[in-house]
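Report on one structure; see the data block that follows.
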Amino acid sequence: MKSEPSEMSIDKLAAMPEQTTAWDGVRNYQARNFMRNQMQMGDLVFFYHSSCPEPGIAGIAEVSRLAYPDETQFDPASKYYDPKATRENPRWFNVEIRLLRKTRLLPLKELRSYPELSSMRILQKGNRLSITPVDPSEWKFIEAKL
DNA sequence: GCCAACGTTGGC
DNA sequence: GCCAACGTTGGC
Numbered sequence: 001m002k003s004e005p006s007e008m009s010i011d012k013l014a015a016m017p018e019q020t021t022a023w024d025g026v027r028n029y030q031a032r033n034f035m036r037n038q039m040q041m042g043d044l045v046f047f048y049h050s051s052c053p054e055p056g057i058a059g060i061a062e063v064s065r066l067a068y069p070d071e072t073q074f075d076p077a078s079k080y081y082d083p084k085a086t087r088e089n090p091r092w093f094n095v096e097i098r099l100l101r102k103t104r105l106l107p108l109k110e111l112r113s114y115p116e117l118s119s120m121r122i123l124q125k126g127n128r129l130s131i132t133p134v135d136p137s138e139w140k141f142i143e144a145k146l
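Sequential numbering from 1 applies to the first sequence in the numbering used here.
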């Protein structure tokens, strides 16, 4: 799961109560569907820093709450407000994640250097999805490098 | 700041 | 349903 450190960094997450945060503000249907339809309690997550001087994996988290309607879509004051969403018919959902451990920063550049990871979704050209599934084999490989 | 690669919107 | 225009993402 990608996050801009200025929005939610690994250190900010570590400072949250229960080291937990709602993954709200996602406004992409594919990413929403991953959260709403696929993610289960306890699923493991690489926490990735994007759009920053050193993009890369910064920690490991887990899904601590199943997807539920994203509150920010109902809030006119929020930058994530969606006038087309209603409580009866919400459009956007979010899970919550809890930090398990901060890791060394594993830079994007290093991820790209491993042939074993060449088919990873996040490394494909033009990939902009903020949430992507990770193959178990890719997970094991990366975890061993952290 | 640039720009490639998408995703969304809306007129037709 | 098509597709041009526009907006966004995110690495560099």
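Built from N, CA and C at the ideal position, the CB exists for glycine as well.
Secondary structure note for residue 53: it is in no beta strand (DSSP E), with a DSSP letter that is neither H nor E. Taken through DSSP and simplified to helix, strand or coil, residue 140 comes out as helix. Counting only runs that start and end inside the stretch 87-118, the alpha helix (DSSP H) elements of at least 4 residues fall at 108-113. The stretch 31-42 and the stretch 124-132 touch, with no fewer than 3 CB-CB distances between them shorter than 8 Å.
The Cβ atoms of residue 50 and residue 125 lie no closer than 8 Å to each other. Separation of the CB atoms of residue 102 and residue 59 is rounded to 5 Å, and the pair is thereby assigned contact status at 8 Å. In the structure shown, residue 132 falls within a coil segment according to DSSP collapsed to helix, strand and coil. Taking a contact to require three or more Cβ pairs closer than 8 Å, the stretch 80-92 and the stretch 110-122 do not qualify as touching.
Judged by beta-carbon spacing, residue 67 lies beyond the 8 Å limit of residue 98, meaning their Cβ atoms are not closer than that value.
Close CB contacts of residue 105 within its chain, under the 8 Å cut and outside five residues either way in sequence, are with 49, 54, 56, 57 and 58 (chain order).
Here residue 26 is not bridged, per DSSP, to any residue.
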